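Below you'll find the structure, written out as structure tokens, and then a few comments.
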Amino acid sequence: MSDLRKIVIDGKEIETDGAMTLIQACEQAGIEIPRFCYHERLSIAGNCRMCLVEVVGGPPKPAASCAMQVRDLRPGPEGQPPVVKTNSPMVKKAREGVMEFLLINHPLDCPICDQGGECDLQDQAMAYGVDFSRYREPKRATEDLDLGPLVETHMTRCISCTRCVRFTTEVAGITQMGQTGRGEDSEITSYLGETLDSNLQGNIIDLCPVGALVSKPYAFTARPWELSKTESIDVMDALGSNIRIDARGNEVMRVLPRLHEDINEEWISDKTRFACDGLRRQRLD
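Each residue of the sequence shown is one higher than the one before, counting from 31 in the numbering used here.
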């Protein structure tokens, strides 16, 4: 039996399941909440703090909307529905502070980064970032990982959202990636320096909200605004995964997954993702 609760978000009253998180309720109300670590198909980490919202009558500080359920909200003194604000001055100031911390060690690689033009950090920096930094200490430097021939790493760009760690553990079923260290010394790494051996490893490229994990075969070949996008279906597996083909002119540049809840959700195998190389190269080249 569903536990329906009423909630007011930015002046709009909706009725939603009490088990939903606030970020899901906001999406139901048509309000987009910025996020880096949250992904609806992965466990909740709550470590990026970009999804902060103000809960009226709740704690006197912004709350992480990805980690708070609707049923945890208190009703008003006379039983009114709980009130949540996503664009108040408190929320805006909190998100600007989070963005400032995220950009402390992030390099200015946008002109040469393969994620440029489709980067979540770029988009949120435009909304909540500033054009100067108060940080005067040396930036942190991190060595790149060798994850194999498919995934290229630029770990100085990593914001430790742990999406890749959670995907490899929870979806791909391998425990080869993790987070080590504390504070400024924390970093995403592969245990014992191993390369990934999952046939789903290419999906961490799509999950990465910045340019820390990019496609090694696709690196430095095209920009997203140069590509025409065509929806298609993978004919090389029995599942019929939904895919999107990105082409420049008559040349297929990359293959990405499309969302389909009943077939492939939003994942594709590495065979599907990287088989387009065969359209450009002969077997004996």
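The beta-carbon is built from N, C-alpha and C at its ideal position, and this holds for glycine as well. These numbers come from a predicted model, not from an experiment.
Residues of its chain near residue i, where Cβ-Cβ distance is below 8 angstroms and the 5 sequence neighbours each way are ignored
{"i": "residue 195", "result": "207, 208, 209, 218"}
{"i": "residue 307", "result": "247"}
{"i": "residue 155", "result": "129, 133"}
CB of residue i within 8 angstroms of CB of residue j, strictly
{"i": "residue 273", "j": "residue 298", "result": "yes"}
{"i": "residue 302", "j": "residue 285", "result": "yes"}
{"i": "residue 89", "j": "residue 124", "result": "no"}
{"i": "residue 187", "j": "residue 139", "result": "yes"}
{"i": "residue 72", "j": "residue 200", "result": "yes"}
{"i": "residue 259", "j": "residue 236", "result": "no"}
{"i": "residue 68", "j": "residue 74", "result": "yes"}
{"i": "residue 121", "j": "residue 84", "result": "yes"}
{"i": "residue 202", "j": "residue 220", "result": "no"}
{"i": "residue 97", "j": "residue 127", "result": "no"}
{"i": "residue 63", "j": "residue 95", "result": "yes"}
{"i": "residue 231", "j": "residue 300", "result": "yes"}
Helix, strand or coil at residue i [DSSP, three-state]
{"i": "residue 232", "result": "coil"}
{"i": "residue 36", "result": "strand"}
{"i": "residue 251", "result": "coil"}
{"i": "residue 97", "result": "coil"}
{"i": "residue 208", "result": "strand"}
{"i": "residue 31", "result": "With a pLDDT of 47 at residue 31, under the threshold of 50, the modelled position of this residue cannot be trusted; read the value that follows with caution. Coil, per DSSP."}
{"i": "residue 80", "result": "coil"}
{"i": "residue 142", "result": "helix"}
{"i": "residue 26", "result": "One cannot answer for residue 26 here, as it falls past the ends of the chain, which runs 31 to 315."}
{"i": "residue 91", "result": "coil"}
{"i": "residue 119", "result": "helix"}
Residues of its chain near residue i, where Cβ-Cβ distance is below 7 angstroms and the 5 sequence neighbours each way are ignored
{"i": "residue 66", "result": "78, 80, 150, 189, 191, 239"}
{"i": "residue 309", "result": "282"}
{"i": "residue 246", "result": "179, 180, 181, 182"}
{"i": "residue 257", "result": "276, 277, 278, 283"}
{"i": "residue 313", "result": "none"}
Close-in-space but distant-in-sequence residues of the same chain around residue i (CB under 6 angstroms, 5 per side omitted)
{"i": "residue 38", "result": "111, 113"}
Contact belief for residue i with residue j at Cβ below 8 angstroms, rounded distance in angstroms
{"i": "residue 293", "j": "residue 262", "result": "Not confirmed; about 13 angstroms, so no contact."}
{"i": "residue 100", "j": "residue 50", "result": "5 angstroms"}
If contact is defined by three or more beta carbon pairs under 8 angstroms, each pair taking one atom from either stretch, is the region 252-262 in contact with the region 145-153? yes
Decide yes or no for the touch test of the region 161-172 against the region 40-57: beta carbon pairs closer than 8 angstroms, at least 3 of them. no
Can at least three beta-carbon pairs, one atom from the region 158-165 and one from the region 127-142, be found at a separation below 8 angstroms? yes
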